[in-house]
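S.K.: This is the structure I want to talk about, given as structure tokens.
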Amino acid sequence: MITYTSTDHFVLLPGLLLALFGCAVLLLDFLFPKDVKGRGWLVGIALSGVGFASWQSWQQYLYLKAHSMTPLVAFNGALVLDGFALFFNGIVLASAALVMLISYRYLEDEKEHHTEYYALVLFAACGAFFLNGGLDMVTIFVGLELMAVSFYILVGFLRTDKRSNEAAMKYLLLGGFSTGFLIYGFSIFYGLTGSTNLAALATVIPARGANDPLLYLAIVTTLVGLLFKIGAAPFHMWAPDTYEGAPTTVTAFLAVASKTASFALLLRVMLVGLGTAREMWEPLLTGAAVLTLTIGNLAAISQSNVKRLLAYSSIGHAGYVLLGLIAGNQTGLIGVSIYLLTYAFSTIGAFLVLIALRRRGVAVETIEDLASLGKRYPYYALLMLLFLMSLAGLPPTAGFIGKYYIFLSLVESGKYGLAIVGALYVAVSLYYYFRLVRSMFLTESIEAQVLAPSNGVRLVLALTGIATIAMGILPEPFLRMAAISLGR
Amino acid sequence: MPQGYLPIFLFLIIAMAFPVIAILTAKLVRPSSPSKLKLEAYECGIEAVGNSRGRYAVRFYIISILFVIFDVETVFLFPWAVRFHQLGWFGVIEIAVFLAILIVGYVWVYKKGALEWV
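Those protein sequences? They're chains A and B, same order as listed. Each position in the first sequence, counted from 1, maps to that position plus 64 in the numbering used here. Each position in the second sequence, counted from 1, maps to that position plus 1150 in the numbering used here.
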């Protein structure tokens, strides 16, 4: 007999609230006037949806804390509430709220302000929740599709812009293709175990032997789908085009929410479902991580478009996070969590500086467009410098803590080769990040950018800036959060 | 022996016989005055032979996509109807939630004017 218990409700509620508010925004759009003010109200409603979901997530945290962080399994093992899911839900909620705050002015300027945007952001966040907490492959798949389909539409949101359409089309086709691989892998897992549950998978795998070809096929196809979602080589090709063409606010959301939720899924599948088959997937992931670092960092050198450069750098970051998973010890997992948290704030911040600057009515995009920013708008240039330092992993910014833990875990587990490769690519990344810095502070430009910050943009810039500095100087609370999220 | 398949087999025979009988009866009864247009294959008003790069209104796509959505809805309703007694009130509520989500989409589509043909 199927039932809907109070535990189920408690675990589901934040995601449910996001979906409900998404539907509400869609329908209320018809009741509010079609002007700036009416849209403002709807943004408020969407934001309050995120607020309610955050409050409910906080209640979940308090409950888990009172029960010594014992995972709460709901829907007959399809969905789980543990510190890990809560931590990544938190990143998704924060990025959704920040993106909504910065989108208002941007979409007004691009003359494509439709309130479906906010509904789609809410739906994408809801889908991400099921990736963070899903234990059942069917649940995971539905969540993944909910998130992906929302993002396909968001990427093509600038309907009259050719590049936006191209980006959406490429993302849709390649995304659909990769999802096909993922679901093929899942179907083989189902064939092997007779269950769609990841926990059931873990109990069957030891019996299959180490070099079972069918198991190998399932792992490889599943990895194809997952590596695509996190934007890791050799399935990264969609990322530069999609990041460049998408509205910059969506690029920031895609780079943060989609990537962190997909990493949560990757970790869950690899550590819960396939934890006992580590010797099978570790070489594959190691190869992918080295390739990702190489392609991401080397291709970023030659980019002239900042959005494209950040896209390649985001591919490179996926490589570092994979290294933390490969190291496999507790430090590595803390590193993955903290890396994704710091990466979220620095990435949103860096894209936000691009959003705030416009030139001839068009948002700034190339490196030359940033010229003499340091002289004209020193605060914005300093903030950009801060975010870039954090992305490069320099102290005293947040990014340093993430990279430190990743490298520490590699050294602890004796993988010195990988640590050296990673460190070399940090040096490479310094070059292209500081090309931007040089353009901002050392290059002169006759034509000026115009600053078009709304209050939302100012607020989010301040928040991400403070977060980036605070995590760099006082990392202990955030590290403790990451450690709690892993149940220690 | 797969005895349970006998009804399916019978159904298959009836299904095959039906168009044959219908076409033969029609041929015997109807008057015959063929023309070029009449002998062409019928394809809902579009010319059967032509350039494959031909253009037609994007509304066809919208209508077909909407059709697929509401078609899939019935796919979910059938198994529920078959197991109505076993699922009980839980099933009723679950289907109500499912339909409510679809109705939100329907209202949105209707209000946006995607169903208007002009």
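Ideal placement from N, C-alpha and C gives every residue a C-beta, glycine not left out.
So with CB distances below 9 Å, who are the chain B contacts of C190(A)?
M.R.: The premise fails here: C190(A) is roughly 12 Å from chain B at the closest Cβ pair, so nothing lies under 9 Å.
S.K.: Does the separation of the CB atoms of L500(A) and V314(A) fall below 8 Å?
M.R.: No, they are not a contact pair.
S.K.: If we ignore side chains and look at the alpha-carbon of each, how far apart do Y376(A) and Y1155(B) end up?
M.R.: Cα to Cα, the separation comes out at about 59 Å.
S.K.: Going by Cα to Cα distance, which pick from L126(A), A526(A), F327(A) and L338(A) is closest to I412(A)?
M.R.: The residue with the shortest Cα to Cα distance from I412(A) is A526(A).
S.K.: Hey, is K1261(B)'s beta-carbon within less than 8 Å of any beta-carbon in chain A?
M.R.: Yes, contact with chain A.
S.K.: Counting Cβ pairs closer than 8 Å, one from the stretch 387 to 396 of chain A and one from the stretch 303 to 312 of chain A, do we hit at least three?
M.R.: The stretch 387 to 396 of chain A, when compared against the stretch 303 to 312 of chain A, does not touch it at the 8 Å Cβ threshold.
S.K.: Quick check on L91(A) - is its C-beta less than 8 Å from some C-beta in chain B?
M.R.: By this cut-off, L91(A) is an interface position.
S.K.: For I66(A), decide whether its Cβ has a neighbour in chain B, counting only Cβ atoms nearer than 8 Å.
M.R.: Cβ-Cβ to chain B under 8 Å: yes for I66(A).
S.K.: Flag this pair as yes or no: are the beta carbons of Y480(A) and T395(A) separated by less than 8 Å?
M.R.: No.
S.K.: Hey, could you find the ends of the alpha helix (DSSP H) A1264(B) is sitting in?
M.R.: A1264(B) -> no alpha helix (DSSP H), and no H or E assigned at all.
S.K.: Going by C-alpha to C-alpha distance, which of V475(A), G337(A) and E230(A) sits closest to I217(A)?
M.R.: The candidate whose alpha carbon is nearest that of I217(A) is E230(A).
S.K.: Using a Cβ-Cβ distance under 8 Å, would F1240(B) count as near chain A?
M.R.: Closer than 8 Å to some Cβ of chain A, the Cβ of F1240(B) qualifies, so yes.
S.K.: Using a threshold of 8 Å, state whether the C-beta atoms of L387(A) and G486(A) are closer than that.
M.R.: Yes, Cβ-Cβ distance for L387(A) and G486(A) is below 8 Å.
S.K.: Look at V202(A) and F245(A) and say whether their C-beta atoms are less than 8 Å apart.
M.R.: Cβ atoms of V202(A) and F245(A): not closer than 8 Å.
S.K.: Enumerated in chain order, which unbroken segments of the beta strand (DSSP E) with a length of 3 residues or greater are wholly contained in the stretch 225 to 312 of chain A?
M.R.: Complete beta strand (DSSP E) runs here, min 3: none at all.
S.K.: Using 8 Å as the threshold, is the C-beta distance between L434(A) and M545(A) below it?
M.R.: No, these two residues do not count as a Cβ contact at 8 Å.
S.K.: Going by other Cβ atoms of all chains shown within 10 Å of its Cβ, with 16 needed for buried, is N196(A) buried or exposed?
M.R.: It is buried - the Cβ of N196(A) has at least 16 other Cβ atoms within 10 Å.
S.K.: Are A183(A) and V89(A) touching if we call contact CB-CB under 8 Å?
M.R.: Going by C-beta atoms, A183(A) is nearer than 8 Å to V89(A).
S.K.: Is L184(A) helix, strand or coil when you go by DSSP?
M.R.: It is helical.
S.K.: Report yes if the C-beta distance between F187(A) and G86(A) is below 8 Å; otherwise report no.
M.R.: Taking 8 Å as the Cβ cut-off, F187(A) and G86(A) qualify as a contacting pair.
S.K.: Can a CB atom of chain B be found closer than 8 Å to the CB of F96(A)?
M.R.: No, because no Cβ of chain B sits closer than 8 Å to the Cβ of F96(A).
S.K.: Just checking my contact of G520(A) with R169(A) at CB under 8 Å: how many whole Å lie between their CB atoms?
M.R.: Contact flag correct, Cβ pair sits at about 7 Å.
S.K.: Output needed for L615(A): all residues of its chain with C-beta closer than 7 Å, excluding positions within five of it in sequence on either side, in chain order.
M.R.: The structure shown does not extend to residue 615(A), since chain A spans only 65 to 552, so no value can be given for it.
S.K.: Which residue from P298(A), S228(A) and L482(A) puts its Cα closest to that of G360(A)?
M.R.: Taking only the C-alpha atoms, the option nearest G360(A) is P298(A).
S.K.: When you compare the CB positions of F215(A) and L318(A), do they come within less than 8 Å of one another, or not?
M.R.: Cβ atoms of F215(A) and L318(A): closer than 8 Å.
S.K.: Among R422(A), K467(A) and S549(A), which residue has its Cα nearest to the Cα of V514(A)?
M.R.: Taking only the C-alpha atoms, the option nearest V514(A) is R422(A).
S.K.: Among E432(A), T324(A), G399(A) and L455(A), whose alpha-carbon lies nearest the alpha-carbon of E511(A)?
M.R.: With distances taken between Cα atoms, E511(A) lies closest to E432(A).
S.K.: Can you pull the chain A residues whose beta carbon is under 8 Å from the beta carbon of V1254(B), in chain order?
M.R.: In chain order: C87, L90 and L91.
S.K.: In whole angstroms, what separates the C-alpha of E209(A) from that of L1227(B)?
M.R.: Near 22 Å, if we compare the C-alpha coordinates of L1227(B) and E209(A).
S.K.: V185(A) and M164(A): beta carbons closer than 8 Å?
M.R.: Cβ distance < 8 Å, so V185(A) and M164(A) count as in contact.
S.K.: May I ask you to list the residues that DSSP assigns as paired with R422(A)?
M.R.: Paired residues: A427(A) and V514(A).
S.K.: Below 6 Å CB to CB, which residues in the same chain sit around G239(A) once its five sequence neighbours on both sides are set aside?
M.R.: A212, listed in sequence order.
S.K.: Leaving out the 5 sequence neighbours to the left and right, which residues in its chain are closer than 6 Å to F292(A) when beta-carbon positions are compared?
M.R.: Correct list, in chain order: S242 and F299.
S.K.: With a CB to CB cut of under 7 Å and the five nearest residues on each side skipped, what residues in its chain are close to T532(A)?
M.R.: Excluding positions up to five away in sequence, the list reads F409, S410, G413, L450, F451, S454, T461 and A462.
S.K.: Between W1267(B) and chain A, is any beta-carbon pair separated by less than 8 Å?
M.R.: No, because no Cβ of chain A sits closer than 8 Å to the Cβ of W1267(B).
S.K.: Can you say whether I269(A) is buried or exposed, counting buried as having 16 or more other CB atoms within 10 angstroms of its CB?
M.R.: So I269(A) counts as buried.
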